[in-house]
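Residue numbers (this note's numbering): 3 to 801.
Encoded as structure tokens, the structure appears first; notes follow it.
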Ligand code: 9PG
């Protein structure tokens with residue numbers, strides 16, 4: 003037995019029996035008992051699993067180590083070569099300063115013939131052997147839960163009580179190649195779940211769980227699987243397995259391969275930041291801090307207005323309009339999406355709708371003071387692309403030498419490049435280099451990158467899918483240069499970590515709330531992996547904790563024009579979710595079609611808040627609904643709360659601050675942003691308002707700014723100027739008889755601000771001119787203001 007401990011965890015390893023256990027002496031509910039390791043290889047085509055009979059082990063005794071995650075205690079087990087010559091080494095590290103147990107397996111082929119590595123299990127725990135995953139109550143299936151991170155940008159990410167089935171697609175050959183990792187099961191029954199890269203098993207009653215995953219995907223794609231099973235003692239619990247997918251890649255004699263570090267971390271489901279230690283460690287492991295800054299950008303994208311019918315004329319007319327609107331709607335990024343290339347794969351030939359090519363447009367965008375952005379999908383190929391005729395060897399093929407299906411796109415089944423082929427990899431390098439250096443794009447949306455990681459027979463059979471994709475991603479980053487902003491899209495998360503500044507974290511938005519295909523909606527209601535506003539919202543919420551740590555989250559575009567099928571409530575929902583979670587805020591409307599009202603809504607999204615919100619019910623429902631962002635500024639500290647209504651009917655609104663982890667006691671001002679009402683709460687009860695707080699409309703959101711009420715002093719209670727409800731205030735000076743405030747915005751602004759004042763107003767000025775006010779109940783006042791960039795407001799109250 004070997005024992006290691008830090009202040010959070012005890013690790014006990016039983017090398018002879020191949021077990022390890024983790025527990026926290028202070029929290030009896032937190033444990034993993036008798037987890038096994040397992041290695042599955044194919045030796046001359048015969049599957050074999052180790053280390054069932056593998057007792058020969060040398061132990062490197064515990065010693066201190068310095069890692070990029072700080073100091074820790076490490077221990078290694080070195081297994082002597084097994085019958086076919088495979089030697090293994092297992093490294094465990096317990097970090098001093100964070101509640102993570104790290105482990106990795108290194109395999110070496112000391113035998114005479116190549117081995118195919120199928121998968122490497124780093125954790126296999128029996129039913130009931132993970133503290134959080136065993137439930138003893140009649141509601142056990144309700145109690146158990148699983149948070150499933152999805153494979154790539156678009157893959158649904160959500161938590162499921164074990165009584166509910168994980169979302170899966172029925173459009174198998176059409177979307178599965180895009181949305182699913184070939185090495186990850188796609189469960190469709192309640193009680194069986196799988197996650198990619200990382201996931202969480204937990205107990206919704208005891209509010210504990212384990213985060214299990216990998217810190218990187220440079221070597222292997224990682225899979226976490228949990229299944230409700232009856233344990234030896236008759237209790238039902240999760241069996242849990244965490245593995246690295248070896249993809250049957252060859253390990254030649256004399257060669258070794260190590261998994262990326264796996265991480266196991268106890269999770270308190272109600273912590274303000276429950277996955278912090280895991281997420282930060284993955285960021286460190288991938289050197290995210292070395293990137294040239296994570297962007298907060300407002301911009302424009304052509305896709306959700308023009309789709310593939312975009313033209314240089316449409317680009318130019320929107321660019322002209324964006325330049326005209328510069329003073330009311332300042333956009334920093336102007337991005338041309340798909341539709342300029344003759345076919346994906348033929349990146350150097352353009353459709354007749356782009357007769358001038360791409361370089362002049364980049365120059366014009368730069369001249370208009372914006373960052374020119376371009377969409378490219380360098381790893382996917384249209385079956386009719388000329389690239390295939392010229393370089394059939396660049397494609398990825400299956401064992402029968404048929405091109406691998408990369409999913410249904412552009413109304414056909416697409417092909418993928420084999421990134422282990424030097425010619426194919428070099429071609430992707432040329433594409434990106436040309437876009438940056440010759441055409442002048444400083445922002446690239448790199449899309450459909452999952453295509454580099456499909457299962458197939460690779461040119462170099464020694465590389466795993468993860469290694470092939472990571473090499474491809476590193477090639478794109480090197481080709482783009484460090485200053486180019488890269489937005490990853492359609493990409494397995496870990497493969498992009500540390501290489502992109504921004505990441506699409508969800509499904510495509512669309513002009514409809516729920517998925518439709520050629521007007522038909524009914525058969526697709528259960529699809530969470532098709533473009534739809536509802537589907538985009540899901541990951542915008544569930545992946546909010548990644549923002550600002552792994553990259554800037556791109557929640558996908560905001561559509562504000564009136565001729566979509568989205569209701570104003572649905573537009574408000576998207577706007578709220580994007581403003582509270584995103585680093586990018588991209589409009590995708592023909593700017594000429596926006597009337598004054600919708601332009602005002604778009605303007606209020608600028609400047610982008612760019613901070614990381616907290617999803618309170620992240621572990622409690624596949625459709626979580628409670629989002630909170632805490633902000634502070636000269637006016638003090640306040641919280642923005644989003645209460646989302648996923649259902650098709652209005653939901654009665656009961657604003658329970660405790661559900662947002664805010665204390666109910668005391669006095670609050672609550673400003674309801676979208677319907678511009680102000681309420682007062684005393685000890686959780688509504689004391690001001692017309693009594694009817696109303697309902698959250700179907701697919702709508704209750705969006706509230708919550709300020710602690712002081713009663714004695716003037717207070718800022720939000721505005722229609724920005725969604726931040728206070729970041730626009732740059733100065734707040736309370737005087738004995740009034741208040742002076744300054745509002746600063748990088749644009750022209752028109753709207754209303756709301757204040758609470760302890761005494762009636764005597765006089766008020768805006769930039770030296772008399773200002774009119776409207777009095778409401780309980781000392782609440784509103785002011786209609788219009789100004790350019792800077793407003794100095796002085797309010798004098800009666801003595
Ligand atoms: C451009 C688009 C936009 C969008 C991306 C990505 O399965 N499909 O056919 C499919 C089509 C488009 C798509 C995803 C899947 O969207 O997310 O923002 O850039 O490509 O083609």
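We treat Cβ as the ideally placed atom computed from N, Cα and C, and that holds for glycine.
{"Asked": "With 16 other Cβ atoms within 10 Å as the buried cut-off, status of residue 681", "Found": "buried"}
{"Asked": "Residue closest to residue 112, alpha-carbon to alpha-carbon, out of 773, 210, 18 and 88", "Found": "88"}
{"Asked": "Cβ-heavy atom distance, residue 180 to the ligand 9PG, below 7 Å", "Found": "yes"}
{"Asked": "Three-way DSSP call (helix, strand, coil) for residue 721 in this model", "Found": "strand"}
{"Asked": "Sequence-distant residues of its chain with Cβ nearer than 6 Å to residue 152 (five each side left out)", "Found": "158 and 159"}
{"Asked": "Terminal residues of the alpha helix (DSSP H) in which residue 367 lies", "Found": "361-369"}
{"Asked": "Neighbourhood of residue 736 by C-beta distance below 6 Å, restricted to the same chain and skipping five residues each side", "Found": "715 and 716"}
{"Asked": "The region 165-182 touching the region 627-645, judged by at least three CB pairs closer than 8 Å", "Found": "no"}
{"Asked": "Closer than 7 Å: residue 510 CB and nearest the ligand 9PG heavy atom", "Found": "yes"}
{"Asked": "Three-state secondary structure assigned by DSSP to residue 145", "Found": "helix"}
{"Asked": "Through-space distance from residue 760 to residue 713, alpha-carbon basis", "Found": "7 Å"}
{"Asked": "Extent of the continuous beta strand (DSSP E) run through residue 69", "Found": "59-69"}
{"Asked": "Residue range of the alpha helix (DSSP H) that includes residue 424", "Found": "424-435"}
{"Asked": "Residue 496, enclosing alpha helix (DSSP H) - first and last residue", "Found": "495-498"}
{"Asked": "is_contact[residue 262, chain D] using C-beta, thresh 8 Å", "Found": "The question asks about chain D, but that chain is absent: this structure has only one protein chain."}
{"Asked": "Beta-carbon spacing of residue 8, residue 96 below 8 Å", "Found": "yes"}
{"Asked": "Sub-8 Å separation of residue 253 and residue 83 beta-carbons", "Found": "no"}
{"Asked": "Residue 511 classed as buried or exposed, judged by whether at least 16 other C-beta atoms fall within 10 angstroms", "Found": "buried"}
{"Asked": "Limits of the unbroken alpha helix (DSSP H) element including residue 599", "Found": "598-606"}
{"Asked": "For residue 798, the residue or residues it bridges with in DSSP", "Found": "740 and 765"}
{"Asked": "As assigned by DSSP and simplified to three states, the class of residue 557", "Found": "coil"}
{"Asked": "Where the alpha helix (DSSP H) containing residue 710 begins and where it ends", "Found": "Per DSSP, residue 710 belongs to no alpha helix (DSSP H); it is in the beta strand (DSSP E), 703-710."}
{"Asked": "Top-ranked residue by Cα proximity to residue 100, from 186, 401, 353 and 276", "Found": "276"}
{"Asked": "Sheet register partners of residue 119 (DSSP bridge)", "Found": "43 and 251"}
{"Asked": "Of the listed residues 208, 340 and 505, nearest to residue 156 (C-alpha basis)", "Found": "505"}
{"Asked": "Near the ligand 9PG: residue 514 beta-carbon under 7 Å from a heavy atom", "Found": "no"}
{"Asked": "Beta-carbon spacing of residue 769, residue 798 below 8 Å", "Found": "no"}
{"Asked": "The alpha helix (DSSP H) enclosing residue 572, as first and last residue numbers", "Found": "570-583"}
{"Asked": "Residue 491 in three-state terms, based on DSSP", "Found": "coil"}
{"Asked": "Status (buried if at least 16 other CB within 10 Å, exposed otherwise) for residue 414", "Found": "exposed"}
{"Asked": "Cβ contact check for the region 54-73 and the region 7-27: 3 or more pairs under 8 Å", "Found": "yes"}
{"Asked": "Whether residue 217 touches residue 284 by CB criterion (8 Å)", "Found": "yes"}
{"Asked": "Whole-angstrom C-beta distance between residue 499 and residue 488, which should lie under 8 Å", "Found": "No, residue 488 and residue 499 are not in contact; Cβ-Cβ is about 12 Å, not under 8 Å."}
{"Asked": "Whole beta strand (DSSP E) elements within the region 166-211, 3-residue minimum", "Found": "194-198 and 200-205"}
{"Asked": "Three-state secondary structure assigned by DSSP to residue 164", "Found": "coil"}
{"Asked": "Residue 307 vs residue 261 beta-carbon contact at 8 Å", "Found": "no"}
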